[in-house]
Amino acid sequence: MLYSDPQDDGFFRGDVYPDGPMRPPQAVQRGSLYNGRGDPSTPGWPSTEGARRLPADSMAIPRIPVLPIGYANAEQILGRLQGESVPQEWQGGLPFRYHLGDGSVTLRVAVWPERGERAYKTIMNTFGVIRGSEWPEELVIAGGHRDAWGPGAVDNVSGIVSLLEAARAWGTALEAGYRPRRTIVLATWDAEEWGLVGSVEWVEVMAETLRRQAVVYLNQDVAVAGRNFGASGSASLHQLVYHMAGTVLQPGDTVSVYAAWRRRLEEDADDEPKIGNLGGGSDFAGFYNHLGIPSFGFGFGGPYGVYHSAYDSYEYMTRFSDPGGLSHAAAGTLVSVTIARLANADVVPFDYKDYGSHLASIMEPIRDQAEALGWDTEPFDDLLGAAEELAQSGTRFNEARDAALAIGSLEPALSAEVNAALRMVERHMVRPMGLVGRPWMRNLVFASDRDNGYATIPLPSVSEAIRGEDEALMRREIEDLVAHVREAARAVDRATGELEEG
Ligand SMILES: [Zn+2]
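With the first letter of the sequence shown counted as 1, position 411 gets the number 411 in this note's numbering; the numbers rise by one all the way through.
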């Protein structure tokens with residue numbers, strides 16, 4: 001039996017619905033305990049008609065029936081448990097001491113499992129495609145999940161609204177005779193909540209095409225839960241996010257989204273607002289963790305206590321998250337113009353100076369972990385050197401790009417060459433064999449945590465070797481990672497070379 005403790009998102013955090021936006025006692029947080037990605041009967045290959053499928057007893061799925069309940073019901077059960085006290089950090093917000101139970105309380109749960117053929121359901125992704133005028137084979141992809149646990153006004157009608165608004169805007173432009181230079185693909189994914197099923201299976205079907213042709217993936221999951229802008233994504237896209245946030249008005253304000261973002265965080269004059277790292281809890285996983293396609297997502301956040309419950313409704317949205325629909329309008333605008341920038345730029349706006357510096361910064365805490373174990377941390381010097389090399393390659397590229405663009409637009413053929421090289425930079429950060437024990441997770445820079453699909457683990461091949469206390473493996477993994485980072489730097493250099501020759 002699982003419940004969301006009021007200490008996490010209930011009365012402990014704020015007034016509960018209908019007086020406030022936090023979780024009321026009856027609200028059940030649904031979710032998936034399956035910690036894989038995609039259809040569990042076809043791990044790593046497409047779940048198409050007639051596909052080979054694992055038998056149910058070899059699927060990586062939970063074996064214990066699970067039922068989520070609200071904290072009103074949890075109080076009735078937990079309050080009766082005797083025996084040993086829970087560890088202090090397990091104590092929550094209910095008004096009694098939590099105990100582990102001594103076996104004297106019995107709970108009866110009725111379970112009706114769906115097995116065999118009846119457990120399979122047909123799901124449907126949808127696509128809207130605008131063919132590019134100049135480089136039709138280059139794909140700018142934006143998507144979000146259409147399924148929800150209940151009404152799902154925040155998660156994820158809001159993301160679908162922002163994508164549909166972008167579709168409407170681009171449709172209007174198309175009717176007026178305006179076509180993007182690259183191809184735009186707008187997708188809605190099914191069965192994300194069950195384990196990213198729709199997007200992952202599509203990525204597995206399309207893997208070869210995406211590997212060659214995908215420029216970027218923009219995810220829209222929880223686009224609106226309030227007014228506070230936030231983003232996460234590959235460091236190569238941070239500059240793009242800052243720039244685009246500066247082009248759209250903050251909902252209900254007279255300054256840009258970017259200005260409101262900085263004002264809220266009270267950043268120092270030269271610090272940009274922080275952008276998070278992608279973990280694995282949404283539909284970017286197939287693109288980013290599996291194929292190494294630069295990916296990002298953004299939205300407007302706020303206090304949101306009704307996650308995955310029946311209270312995530314239109315009523316909730318209009319009362320608490322977005323009265324007047326202003327954040328929805330801003331999210332839709334931001335998606336539209338961000339797609340425009342990505343689909344039309346002479347040089348796709350990736351920044352590998354930022355990417356290299358970010359890589360250098362995320363290895364620090366990992367080096368500290370190795371040091372705490374008393375291990376030799378010298379291999380990290382090579383890794384730091386490679387990351388700095390990549391940042392320098394990025395700096396050289398940025399200078400060559402700015403110089404070339406200062407003279408005028410690039411010839412489309414030259415753009416195609418430069419962008420083809422840029423497109424491959426992050427592909428070098430994946431390895432075909434994947435992580436040890438997790439072949440589907442191929443990105444060596446970020447993966448979702450082994451034990452928590454929502455959490456991010458930086459430099460997973462190295463981190464997991466440390467977690468497994470295997471120093472020799474850590475050394476081998478660092479050596480391998482260094483080779484990948486150097487390959488990425490050479491891909492940036494190739495893009496620079498194309499620009500300088502052109
Ligand atoms: Zn969602």
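Note that CB positions come from ideal geometry on N, CA and C, so glycine has one too.
For the set Asp-354, Gly-286 and Arg-319, the Cα lying nearest the Cα of Lys-274 is the one of Asp-354.
Counting only runs of 3+ residues, the beta strand (DSSP E) found wholly inside the stretch 448-490 occupies 452-458, in chain order. When rounded, the separation of the alpha-carbon atoms in Arg-264 and Arg-52 is 52 Å.
The stretch 386-395 and the stretch 349-364 touch, with no fewer than 3 CB-CB distances between them shorter than 8 Å. By the beta-carbon neighbour count (other beta carbons within 10 angstroms, threshold 16), Met-244 is buried. The DSSP-derived three-state label of Met-124 is coil. Distance between Ala-400 and Trp-194, taken at the CA atoms: about 46 Å. By the Cβ-count criterion, Pro-460 is buried, with 16 or more other Cβ atoms from all chains shown falling within 10 Å of its own Cβ.
Judged by their CB atoms, Ser-232 and Asn-289 are not nearer to each other than the 8 Å cut-off. For the 8 Å CB-CB criterion, Thr-456 and Gly-279 form a contact. Only residues of its own chain outside the window of five on either side were considered, and among them Gly-453 and Tyr-454 have a CB closer than 6 Å to the CB of Gly-281, listed in chain order. Closest in C-alpha terms to Gly-246, from the list Val-157, Gly-297, Leu-334 and Val-129, comes Leu-334. Residues of the same chain with a CB within less than 7 Å of the CB of Gly-83, apart from the 5 flanking positions on each side, are His-99, Leu-100, Gly-101 and Asp-102 in chain order. By the criterion of at least three beta-carbon pairs nearer than 8 Å, the stretch 246-256 is not in contact with the stretch 394-409. Glu-201 and Pro-40 do not touch by the CB rule: their CB atoms are close to 11 Å apart, not below 8 Å. Distances from the alpha-carbon of His-484 to those of Leu-499, Pro-432 and Ala-447 put Pro-432 closest. Each residue's CA atom was taken as its position, placing Gln-392 and Val-492 some 10 Å apart.
Ranked by Cα distance from Gly-286, the first of Gly-36, Gly-20, Gly-198 and Val-203 is Val-203. Less than 8 Å divides the Cβ of Ser-162 from the Cβ of His-328. In chain order, the residues with a C-beta atom nearer than 5 Å to some heavy atom of ligand 1 are Asp-155, Asn-156 and Asp-221. Beyond the five residues adjoining it in sequence on each side, Gly-79 comes within less than 8 Å, by CB distance, of Leu-94 and Phe-96 in the same chain, given in chain order. For Pro-68, DSSP records a beta bridge to Leu-2. Taken in chain order, the complete alpha helix (DSSP H) segments of 4 or more residues contained in the stretch 252-333 are 257-265. Secondary structure of Thr-188 (DSSP, three-state): strand. DSSP, read as helix, strand or coil, puts Ile-407 in helix.
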